[in-house]
Amino acid sequence: MFAVDVRRDTRGVVFVLRGDLDFHSAVQLYEAGDKELGTRGDTGAVVIDCSHLTYCDSTGITALLKLYNQLSGQSRVLRLAAVPAFLDRLFTLTGLNQIFSLYADADEALAAHAAGHGALAAGADEPVRSRGENAG
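Okay, structure coming up:
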């Protein structure tokens, strides 16, 4: 079972992923992203909270990259929060940890945006946690 819960506040939008992000569920993330990020004038933070993610296959990673590219086109940053150890390892092995901005939790990611990093192109801000540090 997979679900995308969307939480908006004054700092931005947080997509909380629950369950397995795979071939069968990636469409839900695409739909949530299209619905919430369709306004090009929006400059708030965009955070994917992975704290409840239990599995992610190549289709799930493709969905995350699609959001990354969509936001890059808008000169916005996609921030991933609470990335589980299995996904952090995969990001390290594939080099995606050099593309995605990773944070310990959603509040930290939102705070990074509020600190003035929101106008940078996707992935160009300085992640709060150092490379190789285990997120969970």
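Just add 214 to the spot in the sequence shown (first one is 1) and you have the numbering used here. Built from N, CA and C at the ideal position, the CB exists for glycine as well.
- A straight-line Cα-Cα distance of about 32 Å links Asp234 and Ala329.
- Looking at Gln242, Asp219, Ile275 and Cys264, the one whose alpha-carbon comes closest to that of Ala323 is Cys264.
- Residue burial annotation: Arg221 is exposed, with fewer than 16 other C-beta atoms found within 10 angstroms of its C-beta.
- One thing to note: Leu316 has its Cβ within 8 Å of the Cβ of Val297.
- Inside the region 225-266, DSSP marks whole alpha helix (DSSP H) runs of 4 or more residues at positions 240-250, from first to last along the chain.
- For Leu307, the enclosing alpha helix (DSSP H) stretches over residues Ala299 to Thr308.
- Here Asp302 is actually not in contact with Thr273; their C-beta atoms are around 19 Å apart, not less than 8 Å.
- Taking each of Asp321, Val228, Leu304 and Leu310 in turn and checking the Cα distance to Leu251, the smallest one comes out for Val228.
- Bounds of any alpha helix (DSSP H) do not take in Ala295; it lies within the beta strand (DSSP E) bounded by Leu292 to Ala295.
- In terms of Cβ geometry, Val230 and His266 form a close pair [threshold 8 Å].
- For the pair Ile262 and Ala240, the CB atoms are not nearer than the 8 Å cut-off.
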